[in-house]
Amino acid sequence: MKKNELLLSRKPLHVLEKIKENLERLNEKMEIMIEIQRHGKKELEAFPDASLDVMTLLSMPDHLRKTAMTICRCGRATAQEIASQTKRARAVESAYLNQLVLMGYLKKERKGRKAYFYADRENQEHI
Amino acid sequence: MKKIIAVHSYKGGTGKTSLSVNLAASLAKRGNKVAILDLDFRAPSLFSILKMENSTVWLNDYLNGASNINKILKDTNGKIPSSGKLFAGLANPSTEAIRDMSAKDRKWEMRALGRLLSLRNSLLKEEDFDYIIFDTSPGLQYSSINAIVAADLVVVATTGDRSDVNGTSRMLRELYNLFEKKTGVVINKVLDADLDSKKEELNKRAKDVYQVPLLGLVPCFCEVLRAQGNLIFVQDRPDHPFTKILDEIATRIEKNEI
């Protein structure tokens, strides 16, 4: 009986978490669509698997360079972790990170509710 | 405060390696644990200045992902007596290694940057080093820009040479500013350094042309030239004015006065 009660009390929380997770994914997709609309898909597309080396960093616009340099320092990070270092809003960093993914400089990996970004396969979690 | 310091210049022959080694020795002699890394893979020289020609492990191996940094760093073993510790990571001087390092692609350079950035964790945090000093190659090359990006402070060595002044000011404006690096300039090999008018002129140059703090003015000492790289002044000539100036620069860095 107690077990059933516990399950029932957990269920609404679980549903809310699912809704939050879906909203976050939706938000990310919207951010990508906004970026594509703002810049045009062609402009954002770079080489697949492009490398984020210092010469590339130098050629980037200032706002993206800051995000890209922070991810280089962290290795692998979420938008929230990047935002805490750059002191910019999480949503802003999320947009920039997704833009860098579209340009081919970063990879994105989902783990549960969190999205992790990294520049190099060496920073993939399973390696 | 723990720090990674890159010593860089626009042109070669500005005295980068001499400044790097003496700065490292000065920081070590006052009790710090210091690592000096030779990132000038095109013209390695630290092995020669530290008289460690018999080394068999190289920084090249660390950047190639073939070795751990702890296996690369070698204690200078009393070559520089101090109350602290001075370790060196040497660049491989063989022609084959220089050729190999010159032919690296962008992907490799990206990984090399990652490995330099990870020294903050492996050396400053885990091994409790106080300072890491990168002796870089001159100009705008991958290895030197990687070092600049990975550093907390960049010390730019420059001389009075006209092309050096122009190049250095452009490099500060177009490279360092983009990476938002804390930077200080050391004007080296200054002639007539004891003249007040000269000091005034160089202070003005640092302020107006370079637009970064002046870390030190190092006169052109005949004794330094005569030593031909055989002496580490901070160690071998503790009372020489060159040593005193380098100690002052080290104090400013230690006290975070930049």
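Chains as they are written, first to last, in our numbering: chain A, 301 to 427; chain B, 56 to 313.
We treat Cβ as the ideally placed atom computed from N, Cα and C, and that holds for glycine.
In this text, all values refer to a predicted model and were calculated from it rather than measured experimentally.
Cα-Cα separation between residue i and residue j, rounded to whole angstroms
i       : j       : result
A415(A) : P296(B) : 57 angstroms
P361(A) : R373(A) : 18 angstroms
I300(B) : F288(B) : 11 angstroms
A90(B)  : V211(B) : 19 angstroms
N285(B) : R292(B) : 12 angstroms
I427(A) : N125(B) : Note that I427(A) has pLDDT 36, beneath the 50 cutoff, so the model's placement of it is unreliable and the number below is only indicative. Each residue's alpha carbon lies about 21 angstroms from the other.
P312(A) : E328(A) : 24 angstroms
G68(B)  : S192(B) : 10 angstroms
T111(B) : A121(B) : 14 angstroms
G144(B) : D130(B) : 9 angstroms
V279(B) : K244(B) : 10 angstroms
G375(A) : E256(B) : 45 angstroms
A383(A) : T367(A) : 9 angstroms
F142(B) : L352(A) : 31 angstroms
L101(B) : A282(B) : 16 angstroms
G139(B) : R85(B)  : 6 angstroms
E229(B) : E235(B) : 11 angstroms
I200(B) : A167(B) : 11 angstroms
A80(B)  : D216(B) : 28 angstroms
T223(B) : A158(B) : 26 angstroms
Within-8 angstroms CB hit, residue i to chain A
i       : result
E164(B) : yes
N201(B) : yes
Y197(B) : yes
R97(B)  : no
G169(B) : yes
V204(B) : yes
L286(B) : no
L172(B) : yes
R161(B) : yes
L233(B) : yes
Reduced DSSP category for residue i - H, G, I as helix; E, B as strand; rest coil
i       : result
T238(B) : strand
K310(B) : coil
L269(B) : strand
T213(B) : strand
G169(B) : helix
P148(B) : coil
E256(B) : helix
H426(A) : Here H426(A) scores only 44 on pLDDT, less than 50, and its place in the model is too uncertain to base an answer on.
D362(A) : helix
H295(B) : coil
N243(B) : strand
R376(A) : strand
K126(B) : helix
Y197(B) : helix
R325(A) : helix
D93(B)  : strand
A61(B)  : strand
S183(B) : Reading off the sequence shown, one finds Asp at residue 183(B), where the question assumed Ser. Looking at D183(B) - three-state DSSP - the assignment turns out to be coil, as it is neither helix nor strand.
D160(B) : coil
Y405(A) : coil
L101(B) : helix
D302(B) : helix
Contact with chain B by residue i, beta-carbon distance below 8 angstroms
i       : result
S351(A) : yes
A419(A) : yes
R373(A) : yes
V354(A) : yes
L358(A) : yes
R413(A) : no
M369(A) : yes
R388(A) : no
R410(A) : no
R376(A) : no
R365(A) : yes
Supposed close pair residue i, residue j - CB separation, criterion 8 angstroms
i       : j       : result
M226(B) : Y65(B)  : 5 angstroms
D183(B) : K88(B)  : 6 angstroms
F96(B)  : M156(B) : 4 angstroms
R413(A) : E324(A) : 7 angstroms
L400(A) : L364(A) : 6 angstroms
A419(A) : L406(A) : 6 angstroms
Between the segment 185-201 of chain B and the segment 374-382 of chain A, do at least 3 Cβ pairs fall closer than 8 angstroms?
no
Contact between the segment 275-282 of chain B and the segment 231-251 of chain B (3+ Cβ pairs under 8 angstroms)
The answer is yes - the segment 231-251 of chain B touches the segment 275-282 of chain B, with three or more Cβ pairs under 8 angstroms.
Would you be able to state if there are at least three C-beta pairs under 8 angstroms between the segment 68-76 of chain B and the segment 101-117 of chain B?
Counting Cβ pairs under 8 angstroms, three or more are found: they touch.
Any contact between the segment 199-219 of chain B and the segment 160-177 of chain B? By contact I mean 3 or more CB pairs, one from each, below 8 angstroms.
yes
If we count Cβ pairs, one from each stretch, closer than 8 angstroms, do we get three or more for the segment 146-153 of chain B versus the segment 393-401 of chain A?
no
Determine contact between the segment 227-246 of chain B and the segment 258-271 of chain B, defined as no fewer than three beta-carbon pairs at a distance below 8 angstroms.
yes
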